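Novice: Using this note's numbering, you'd call the opening residue of the sequence shown number 103 and step up by one each time. I have a structure here, written as structure tokens, and I will follow up with some questions on it.
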Amino acid sequence: MGSKQQLSYRKTGEIGIVSGSERLDPSQFSEQDLDDSKNMEEYFENQLQSLEFRTEMEEKLEQWNHQLLPEALSHFDFFMVGQSHIDMAWLWRYEQTRQKGITTLKKVLAHAKKFPHQFVFAVSSPQLLSWIKEDDPELFSSLLSIHKKEQLELVGGSWVEPDCMLPSGESIVRQRLYGMKFYQEEFGILPEVEWFLDSFGYNKGLPQILAKSGAKYFWTTKLTWNKQNKFPFIYFIWESPDGTQLITANFAQNREIFDQWKDYPFGHYTIKDTNQNKWNYQDDFSRIAAIINRNKIIRPVGLFWGAGDGGHGPAYYEVAQMQVLSELAKSQGIQWNWSMVHNFFSEIEKYQNNLAVWNDELYLEAHRGTFTVHSAVKRHNRRLENRILDIERLATLCSLMNPNYEFPSYLFDRSWKTLLLNQFHDVLPGSCVPEVLDDVFKLFSQVDKNLDEILSQLLNYFPHNVPSEFKTKNLIFFFNPLNWRRKSRVFIPKCLIREFKSSTNTESNLLPYARLYYNYNGKLRSSICQPVKAEFQDNMNNHKEGWWTIIEMDPHGAIIGEIRFESVQSPPLFISLRKTPRITNGKVSLEFDPHMGSLISVKGRKINKGENLIYGKRNFILEGYKDKGSSEYPAWDIQKEYWKYPLNFNQRQDLEISIVDQGPIFSTLKIQRTLENSKVIQKISLFHDDPLIYCSWAANWQLPDTLLKLGLFTNTQATSVTSDQMYCASSSSTLPETPADIARFEKVMHKYVDISTPDNKWGIAIINEGKYAYDASGGRIRISMHRSPKYPRPSAESWVKFERLQRKNEGKGKPLRYSGIGPTSCRFAILPHVGGCLVNEKQAPSTFVPKMAEEFNHPIVIYSFNSFKLKSEPEKSDNLPDIHSFSFDLQTGIELSVIKPEQWNKDNSVILRFIERCGFTHKKSIIQFPKDFASLIEEIWETDLLERPKIPLDLKWSSDTTELILDFSPFEIRTIKCKLKKSR
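Written out as structure tokens, the structure is:
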């Protein structure tokens, strides 16, 4: 790039929030393809007929035939398909990927033209095709044409190829809904093959979601990357906890399938008829040899071929190779043909009765660091996953209460697609260059703006009644987005208050106390609003200064409250620094070591007979480990055996323990110390009559190559640990014995992880709002708080290099070399509880832990209500429900996860999604619909996750009793479509 170093590029004026670089106008750059017309001429015109080239291909066939011993190429049928993996963003930005897609698919057209009756290309990304339709309509039209000729095959069906461990279950549902809907509308087809070749492990809940959204088959290459243990199967049935099954294939792309052939000695054989055909990580893989039927070969072999990651494949030389290999193989009696991916899987399906069943997650023994690195991306993803569902639910209810309100589908669609894009498998994991994250945070901000606009417009149509007693302009709208009654803490930011009384307490520098007045069940209530200072300010969307209060709300309840500044006389919660720092709220009592700042006692009323739930002096302190990742993948991998490299922080360095809040609503203890060269602040708060221990930590972290963990040493004597996953939960041993189970030393949680006594008498859960990794050993449970590895470098063709060059020429230095350096923070909670995580002592379902996790992640929705006037009164009708009429009465263990308009046909219907939460079978479970809502329903039936009618119908609905009767398998998802009456 020496000749370009004095060039000046057009700028956009935007400064990246992560990289600090000024964004250059991407329209001035083009995607260079070194595989040009000269290469096409060389390989398509010269090499195809070259004796030397054909001899080289013959040698490859001979080499591969040797690699297959004791089998031979002639024992198999080879299905050859062109493909090219294109990362939506990674070492380049989204904008460059748009050009990569155009460059790659134009080359596909050239291949299809040269070999019109042979070449087939599999494309897997609706988002990529959507960009091409927008940027190059002529190219998109040509793709439609070769699709009709069966030279372009649609695979996948998710909007992008997402991270497959971290997104919520509902996010994966929407990935499939938006992706498959695009395929249906543009191509008139729904593929049956899901295609996640490069994600970093696969969640236990995926098979159910994929199968119930049109997938029959699933392909990945990633498990071939395992570091410690080879995954034992190539072809298998992947089973989710509810029993849903998916035919799955795990093999490498390109020639690597032959290079790795001997690594899978059982992979190309069926299994014997045996009762021991179900496997998971706690099984001994050495026993698999005994069930293999070496007399029965699985003949189909997929050859999915083409350069990838940055697209541009298959290259001309690759297609020439594939063409000649096919000709030579067939001349030797080997079945080696251009085909379609679906045809390959259809052949595999013939063996399904003789394939092993895998009923666990698909854990990748690599890239475990992606569960933790760049926590801000993960935090905002979780926050927006929750927020968009809450406001979607509120907007749907508003449309039911006021038919004049038009559900803003366009804004929701745009917001969902943006959020889904940012879940791509090198973006949400944080394994990308910092310039990509500049775009990610900008897109997150746009989603927030969309949702703010929706909420603002919605409240103009939301039927409401402001109590006559409310005289000020300090009106606030509150909405409970969950289908159960809750008594919750609520944060009210100062910015929502119009008429503000200045604080007279100059010593504390706090806002004044206030009271919130609101109507509840026809009575005017009030609750104290205790002031609080702003949280640590970083890019985590932390609170500014405001007030905490506690209110009680009905399921899906909505109220309007008024803030009044009045004097408050109420005793504070107990908190003390005498001898040992202590804090209690009557439900939970905590005690801290004054010399270490560690938590030494947790006691809960009616839990473990009031005895201490933890032991030792290492609780609730940050433990650091040297973590350089791996030399090739520092951002992806946790350092091998990191536990052997503790940093042994001096926990007493600059230790200060102080009381920062003490009042009737909450009290807070602050623990501040210096770890190496980084100042760290931890806060612990207890709220009135609340079982949760609210925790936060914040730091201006400066130490690179570090992994931070925080844990509890519990007295549970636990032998298993439970965490929630994609619409399910997973339990695993805290004392793993098999090599494959031991290799899962860093596991994934979503909203909670729980460790309970073996007899389910009591336990402790850690609830979070954006952390995903944990480890457990015996009774110890730890969550991974932070990583600070090196960023990956831009690729050779990345336009990011021009931004960095411009920055260098202007004397502005370089972007950060390390991720995780600078201000960072997180909030989480500790929950001591009676009973087990999902089952109580009497072996019945228990929803206390998951419900508390949902409340922590779905706070009460609040919005200023001062400027709203009802624009359009709903027509007076006995059929129009009130907001308080939308409470569904459900049996323990069944939860309503989604209320939304139907999207597949957009036919004036409402979609309800119910899930089994605790892992139990429920026969004839009764779902009591709210009567006012039931009166709006014309017809009701079950659908799949794409909102297509499910046949046969397996439900009983009575409009007279407003009861829906359904069976549920453990963790089953069931989707109900309610067709509304035309006149209401």
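All C-beta atoms in this analysis are idealised placements derived from N, C-alpha and C, irrespective of residue type, glycine included. It should be emphasised that the depicted structure is a prediction, and the values quoted were computed from it without experimental measurement.
Quick check: is the beta carbon of lysine 250 nearer than 7 Å to any beta carbon in chain C?
Specialist: You won't find chain C in this structure, because it holds only one protein chain.
Novice: When the distance is taken between beta carbons, is leucine 299 closer than 7 Å to glycine 316?
Specialist: Within the sequence shown, the letter at position 214 stands for residue 316. Within the sequence shown, the letter at position 197 stands for residue 299. Not in contact: glycine 316 and leucine 299 (Cβ atoms no closer than 7 Å).
Novice: Measure the Cβ-Cβ separation of serine 780 and lysine 772 and say whether it is below 7 Å.
Specialist: Here the question's residue 780 lines up with position 678 in the sequence shown. Here the question's residue 772 lines up with position 670 in the sequence shown. Not in contact: serine 780 and lysine 772 (Cβ atoms no closer than 7 Å).
Novice: Are the Cβ atoms of aspartate 224 and valine 183 separated by less than 7 Å?
Specialist: In the sequence shown, counting from the first residue as 1, residue 224 sits at position 122. In the sequence shown, counting from the first residue as 1, residue 183 sits at position 81. Note that residue 224 corresponds to alanine in the displayed sequence, not to aspartate. For alanine 224 and valine 183, yes; Cβs fall inside 7 Å.
Novice: Would you grab the beta carbon distance between valine 568 and isoleucine 662 for me? Rounded to a whole angstrom, and I think it's under 8 Å.
Specialist: Here residue 568 is taken as the residue at index 466 of the sequence shown, counted from 1. Here residue 662 is taken as the residue at index 560 of the sequence shown, counted from 1. Valine 568 to isoleucine 662, Cβ: 6 Å. Contact.
Novice: What separation, rounded to the nearest whole angstrom, lies between the Cα atoms of leucine 430 and phenylalanine 181?
Specialist: As a position in the sequence shown, residue 430 is number 328, starting the count at 1. As a position in the sequence shown, residue 181 is number 79, starting the count at 1. Going from the Cα of leucine 430 to the Cα of phenylalanine 181 covers about 15 Å.
Novice: Comparing alpha-carbon positions, which option in Gln347, Phe1022, Phe581 and Lys853 lies nearest glycine 271?
Specialist: Position 169 of the sequence shown holds residue 271. The shortest Cα separation from glycine 271 among Gln347, Phe1022, Phe581 and Lys853 belongs to Lys853.
Novice: Do leucine 809 and leucine 724 come within 7 Å of each other at the CB atom, strictly closer than that value?
Specialist: Stepping through the sequence shown from its first residue, residue 724 is reached at position 622. Stepping through the sequence shown from its first residue, residue 809 is reached at position 707. The answer is no: Cβ separation not under 7 Å.
Novice: Thinking just about the alpha-carbon of each residue, which of Ser921, Ser132 and Glu664 is nearest to the one in threonine 574?
Specialist: Translated into positions along the sequence shown, residue 574 becomes position 472. Minimum Cα distance to threonine 574 is reached at Glu664.
Novice: For my contact list, alanine 867 and valine 823 are in at a C-beta cut-off of 8 Å; report their separation, rounded to the angstrom.
Specialist: As a first step, residue 867 must be located in the sequence shown, where it is residue number 765. As a first step, residue 823 must be located in the sequence shown, where it is residue number 721. That pair is no contact at about 10 Å.
Novice: Does DSSP put proline 925 in a helix, in a strand, or in coil?
Specialist: Here the question's residue 925 lines up with position 823 in the sequence shown. Looking at proline 925 - three-state DSSP - the assignment turns out to be strand.
Novice: At what residues does the beta strand (DSSP E) containing proline 402 begin and finish?
Specialist: Translated into positions along the sequence shown, residue 402 becomes position 300. Looking at the DSSP string, the run of the beta strand (DSSP E) that includes proline 402 is 402-407.
Novice: Please report the straight-line C-alpha distance between glutamate 1004 and asparagine 1010, rounded to a whole angstrom.
Specialist: Taking the first residue of the sequence shown as 1, we reach residue 1004 at position 902. Taking the first residue of the sequence shown as 1, we reach residue 1010 at position 908. Near 7 Å, if we compare the C-alpha coordinates of asparagine 1010 and glutamate 1004.
Novice: Which residue wins for smallest C-alpha separation from phenylalanine 131, given the options Phe217, Lys1084 and Lys903?
Specialist: Numbered from 1 along the sequence shown, position 29 holds the residue referred to as residue 131. Closest option to phenylalanine 131, Cα to Cα, is Lys903.
Novice: Could you give the first and the last residue of the continuous beta strand (DSSP E) run that contains alanine 351?
Specialist: What you label residue 351 is simply residue 249 of the sequence shown in a count that begins at 1. It spans 347-352 - the beta strand (DSSP E) in which alanine 351 sits, taken as one unbroken run.
Novice: Using 10 angstroms around the beta-carbon of asparagine 455, count the other beta-carbons present and answer buried if the total reaches 16, otherwise exposed.
Specialist: Here residue 455 corresponds to residue number 353 of the sequence shown, with the count starting at 1. By the 10 Å Cβ count, asparagine 455 comes out exposed.
Novice: Roughly how many angstroms separate the alpha carbons of phenylalanine 967 and glutamine 753, rounded to a whole number?
Specialist: Working through the sequence shown from its first residue, we reach residue 967 at position 865. Working through the sequence shown from its first residue, we reach residue 753 at position 651. Going by the C-alpha atoms only, they are around 47 Å apart.
Novice: Can you list, in chain order, the residues of its chain with a C-beta nearer than 7 Å to that of asparagine 644? Leave out the 5 residues immediately preceding and following it.
Specialist: Indexing the sequence shown from 1 puts residue 644 at position 542. Glu637, Phe638 and Ser927.
Novice: Please classify alanine 174 as buried or exposed, where buried requires at least 16 other C-beta atoms within 10 Å of its C-beta.
Specialist: For the purposes of this step, residue 174 is taken as residue 72 along the sequence shown, with counting starting at 1. The residue in question, alanine 174, is exposed, as its Cβ has fewer than 16 Cβ neighbours within 10 Å.
Novice: What's the C-alpha gap between tyrosine 829 and leucine 254?
Specialist: For the purposes of this step, residue 829 is identified with residue 727 of the sequence shown, where counting begins at 1. For the purposes of this step, residue 254 is identified with residue 152 of the sequence shown, where counting begins at 1. About 33 Å.
Novice: On the DSSP bridge list, what partners appear for asparagine 504?
Specialist: As a working note, residue 504 is residue 402 in the sequence shown. Paired residue(s): none; asparagine 504 is not in a bridge.
Novice: Between the alpha carbons of serine 388 and lysine 849, how many angstroms are there, rounded?
Specialist: Within the sequence shown, the letter at position 286 stands for residue 388. Within the sequence shown, the letter at position 747 stands for residue 849. When rounded, the distance between both Cα atoms is 24 Å.
Novice: Spatial neighbours of aspartate 528 within its chain, please: C-beta separation below 7 Å, excluding the five flanking residues on both sides.
Specialist: Here the question's residue 528 lines up with position 426 in the sequence shown. Here the set comprises Asp189, Ala191, Trp192 and Cys534.
Novice: Throw me the rounded Cβ distance for the glycine 408 and glutamine 149 pair, which I believe falls under 8 Å.
Specialist: Here residue 408 is taken as the residue at index 306 of the sequence shown, counted from 1. Here residue 149 is taken as the residue at index 47 of the sequence shown, counted from 1. Rounded, the Cβ-Cβ distance is 17 Å, inconsistent with contact.
Novice: Need the endpoints of the alpha helix (DSSP H) that leucine 553 sits in, please.
Specialist: If you number the sequence shown from 1, residue 553 lands on position 451. Taken as a continuous stretch (DSSP letters only), the alpha helix (DSSP H) holding leucine 553 covers 536-560.
Novice: Once DSSP output is grouped into helix, strand and coil, what is the label at arginine 1015?
Specialist: Sequence index remark: in the sequence shown, residue 1015 carries index 913 (1-based). Correct three-state label for arginine 1015: strand.
Novice: Need the endpoints of the alpha helix (DSSP H) that histidine 790 sits in, please.
Specialist: Residue numbering aside, residue 790 sits at position 688 when the sequence shown is read from its first letter. No alpha helix (DSSP H) contains histidine 790, which DSSP labels as neither H nor E.
Novice: According to the neighbour-count rule (16 or more other Cβ atoms, all chains shown, within 10 Å of its Cβ), is proline 860 buried or exposed?
Specialist: Numbered from 1 along the sequence shown, position 758 holds the residue referred to as residue 860. Under this definition proline 860 is an exposed residue.
Novice: On the three-state DSSP scale, how would you describe serine 91?
Specialist: Coverage of the chain is limited to positions 103 through 1086, which leaves residue 91 absent and any answer about it impossible.
Novice: Could you tell me if glycine 118 is buried or exposed, where buried requires 16 or more neighbouring beta carbons within 10 angstroms of its beta carbon?
Specialist: Position 16 of the sequence shown, counted from the start, is the residue given in the question as residue 118. Buried is the call here.
Novice: Could you tell me the alpha carbon to alpha carbon distance between glutamine 1077 and alanine 955, rounded to whole angstroms?
Specialist: Here the question's residue 1077 lines up with position 975 in the sequence shown. Here the question's residue 955 lines up with position 853 in the sequence shown. The amino acid at residue 1077 is misidentified as glutamine; the sequence shows threonine. Taking the straight line from one Cα to the other gives about 23 Å.
Novice: Count the other CB atoms, across all protein chains shown, that sit within 10 Å of the CB of glutamine 423; report buried if there are 16 or more and exposed otherwise.
Specialist: Numbered from 1 along the sequence shown, position 321 holds the residue referred to as residue 423. It counts as buried.
Novice: Pairing CB atoms from the stretch 131-142 with CB atoms from the stretch 412-420, are three or more of them under 8 Å?
Specialist: At 8 Å Cβ cutoff, the stretches touch.
Novice: Residues in the same chain with beta-carbon distance under 6 Å from asparagine 488, minus the five sequence neighbours each way, listed in chain order, please.
Specialist: Stepping through the sequence shown from its first residue, residue 488 is reached at position 386. Counting only Cβ-Cβ distances below 6 Å, and skipping sequence neighbours, we find Asn959 and His960.
Novice: Pull up the DSSP beta-bridge partners for glutamine 169, would you.
Specialist: Sequence index remark: in the sequence shown, residue 169 carries index 67 (1-based). None; glutamine 169 has no bridge partner.
Novice: Per DSSP, methionine 182 forms a beta bridge with which residues?
Specialist: The sequence position of residue 182 within the sequence shown is 80, counting from 1. Methionine 182 is bridged to Leu405 and Trp440.
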